[in-house]
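Heads up: the sequence shown at position 301 corresponds to 300 in numbering that gives the first Met the number 0, and the numbers run straight through without jumps.
Below is one structure, written out as structure tokens; comments come after it.
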Amino acid sequence: MKIITGGVTAAKGFEAAGVEAGIKYKDRKDMAMIYSRTPCVLAGTFTSNVVKAAPVLWDKKVVEESPFGQAVIVNAGIANAGTGREGYSYCERTAAAAAAELGIPESAVLVASTGVIGMQLPIDRIEAGVRELARARKDTLEAGTLAAQAIMTTDTCSKQAAVQIQVGGASVTLGGMCKGSGMIHPNMCTMLGFLTTDAVISKELLTKALREDVADTFNMVSVDGDTSTNDTLLILANGMAENPEILEGTAEYAAFKEALHYVNETLAKMMAGDGEGATALFEVKVIGAAAKQDARLLCKSVVGSSLCKAAIYGHDANWGRFLCALGYSGVSFDPENMELYFESRAGKLLIYKDGASADYSEEEAAEIISQPEVTVIADMKMGTHSATAWGCDLTYDYVKINADYRS
Numbered sequence: 000m001k002i003i004t005g006g007v008t009a010a011k012g013f014e015a016a017g018v019e020a021g022i023k024y025k026d027r028k029d030m031a032m033i034y035s036r037t038p039c040v041l042a043g044t045f046t047s048n049v050v051k052a053a054p055v056l057w058d059k060k061v062v063e064e065s066p067f068g069q070a071v072i073v074n075a076g077i078a079n080a081g082t083g084r085e086g087y088s089y090c091e092r093t094a095a096a097a098a099a100e101l102g103i104p105e106s107a108v109l110v111a112s113t114g115v116i117g118m119q120l121p122i123d124r125i126e127a128g129v130r131e132l133a134r135a136r137k138d139t140l141e142a143g144t145l146a147a148q149a150i151m152t153t154d155t156c157s158k159q160a161a162v163q164i165q166v167g168g169a170s171v172t173l174g175g176m177c178k179g180s181g182m183i184h185p186n187m188c189t190m191l192g193f194l195t196t197d198a199v200i201s202k203e204l205l206t207k208a209l210r211e212d213v214a215d216t217f218n219m220v221s222v223d224g225d226t227s228t229n230d231t232l233l234i235l236a237n238g239m240a241e242n243p244e245i246l247e248g249t250a251e252y253a254a255f256k257e258a259l260h261y262v263n264e265t266l267a268k269m270m271a272g273d274g275e276g277a278t279a280l281f282e283v284k285v286i287g288a289a290a291k292q293d294a295r296l297l298c299k300s301v302v303g304s305s306l307c308k309a310a311i312y313g314h315d316a317n318w319g320r321f322l323c324a325l326g327y328s329g330v331s332f333d334p335e336n337m338e339l340y341f342e343s344r345a346g347k348l349l350i351y352k353d354g355a356s357a358d359y360s361e362e363e364a365a366e367i368i369s370q371p372e373v374t375v376i377a378d379m380k381m382g383t384h385s386a387t388a389w390g391c392d393l394t395y396d397y398v399k400i401n402a403d404y405r406s
């Protein structure tokens, strides 16, 4: 696997664009397009929230029922959630506008929105934005970057990743972009994510690979404990690499899954580190768990704890908070037979062992957890399973950002 620079335009045949449509923001790009020159196999995963935004309902229908997909239209600023039949009709109109501009069926157009819940989209601006996007689309790295910037809301930076692998002598590329900064919690974590690949692979196998990998990547991110109405992760495969079809159980499928995992994990960590108001990426590793699901639950419990997140922000080695969060995770374990560590680029330190505080330096612990990336490691000493979750510290700015979000 070769890590390359790029995002949604890295794979063959994909174009993108980002434009200023004036949806809600002033003087910034707020609409994006991804387009494939040929029809694509589709797969997707969506929010577990019972309240689902209109674009989620539209995309689920396209993924499940359409023979192929070929374009994605995304707007930032207004979520088109809690908007009833009118909101859904705007998805239909957006798809119709894109279909007319691109010469593809409406059923091949996916839509996504992010922003404030409850507001109706200015559909005239959306339709005008679609026309502008269609004219502006290119297959360049810059075009992909502009698209990644256009889907941001409270994000402080755009998020992209791409890799290449060899399949049967052909070079296969997989790239992606996502946005997410607040209202982020499993399952799925709050986000819009879009992956593109030129691989030849079946819809069934693409779906299997995506759903399995999401469990250990995007579903292991938590910024604030709130699961969005709009979570959407889509992958489009256009087959333009012309590789021998990737089949389950082969070395080529293993390589494809590795590439998919790298892109998903990279984007997930970018989101966690860019949580609203964050000053640090907060990583939690659980090792030695009795079962994989136990390890996941333990990780999520700690990374989602407001007290643990506040301790990271305050550089406070208050290990009791981390032990407490493990204890209410719902997983049974023996607190008299486990260990806790803090780790960062400043070093690694044992802080709790066999039911009591380890003999450690508070100053050294504070130095370790004052770094931009901090890891808490819990060794449960019960088995061989492990998991990792990602979040961020909880700061004063998180409250400020969300108190003023609609203003």
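For every residue, glycine included, the Cβ atom is placed at its ideal position computed from N, Cα and C.
Values in this document were obtained by computation on a predicted structure and should not be read as measured data.
Pair within 8 Å by beta-carbon distance, residue i and residue j
i, j, result
"V18", "L109", "no"
"L140", "T265", "no"
"D29", "N74", "yes"
"A198", "A236", "yes"
"D273", "T155", "yes"
"E14", "A142", "yes"
"N229", "A70", "no"
"V61", "V162", "no"
"V171", "A267", "no"
"F321", "L339", "yes"
"A310", "T394", "no"
"V166", "T44", "no"
"G390", "K256", "no"
"E85", "Q119", "yes"
"V409", "V375", "A question about residue 409 goes unanswered here, because the residues of the chain that appear run from 0 up to 406."
C-alpha gap between residue i and residue j, whole angstroms
i, j, result
"S407", "T113", "Given that the chain is displayed from residue 0 to residue 406, the structure contains no residue 407 and the question cannot be resolved."
"A357", "W318", "10 Å"
"N186", "N48", "Low confidence applies to N186: its pLDDT is 49, below 50, so where it sits in the model is not reliable, and the reading given next is rough at best. Rounded to the nearest angstrom, the two C-alpha atoms are 8 Å apart."
"F332", "A345", "30 Å"
"V220", "M190", "10 Å"
"L407", "K59", "Because the chain in this structure spans residues 0 to 406, residue 407 falls outside the shown range and cannot be described."
"D123", "S305", "41 Å"
"A388", "R295", "8 Å"
"H184", "A80", "With a pLDDT of 48 at H184, under the threshold of 50, the predicted position of this residue should be treated as unreliable, though the coordinate-derived value follows. Cα-Cα distance, rounded: 18 Å."
"I125", "F341", "48 Å"
"Y351", "E282", "18 Å"
"A355", "L349", "11 Å"
"L209", "T82", "29 Å"
"S65", "W57", "11 Å"
Backbone secondary structure at residue i - three-state DSSP
i, result
"A15", "strand"
"N263", "helix"
"I234", "strand"
"D353", "coil"
"F281", "strand"
"C156", "coil"
"G192", "strand"
"I103", "coil"
"R210", "helix"
"A75", "strand"
"H184", "Since pLDDT at H184 reaches only 48, below the 50 mark, its modelled position is unreliable, and no value is offered."
"E335", "coil"
Cut-off 7 Å between Cβ atoms - residues of its own chain near residue i, not counting five sequence neighbours on either side
i, result
"P104", "A98"
"M381", "G287, A288, A289 and F332"
"G329", "L296"
"G68", "C39, L41, V61, A107, L109 and L235"
"R3", "The sequence shown places Ile at residue 3, rather than the Arg named in the question. Cβ within range, chain order: A9, A161, V162 and Q163."
From the options, residue whose alpha carbon lies closest to that of residue i
i, options, result
"A20", "M32, E14 and A10", "M32"
"M0", "R27, V129 and A250", "A250"
"T383", "S343, D293 and A365", "D293"
"I270", "P371, L56, F217 and Y34", "First, the residue type needs correcting, since residue 270 is Met and not Ile in the sequence shown. Among P371, L56, F217 and Y34, the Cα nearest to that of M270 belongs to F217."
"P243", "I200, K51, C307 and F67", "I200"
"Y87", "I72, S65, C391 and P54", "P54"
"A146", "C323, A111, P121 and I164", "A111"
"Y312", "E366, E91, T37 and P121", "E366"
"S369", "Y89, G192 and D315", "D315"
"K414", "I72, W57 and G76", "Any question about residue 414 goes unanswered here, given that the chain covers just 0 to 406."
"A52", "P66, Y34, V115 and E362", "V115"
6 Å CB neighbourhood of residue i in its chain, flanking five on each side removed
i, result
"A10", "T172, G174, T195, T196 and D197"
"P371", "A279"
Contacts around residue i, its chain only, beta-carbon distance under 8 Å, and the 5 residues preceding and following it disregarded
i, result
"R130", "A96 and E100"
"E247", "L204 and K207"
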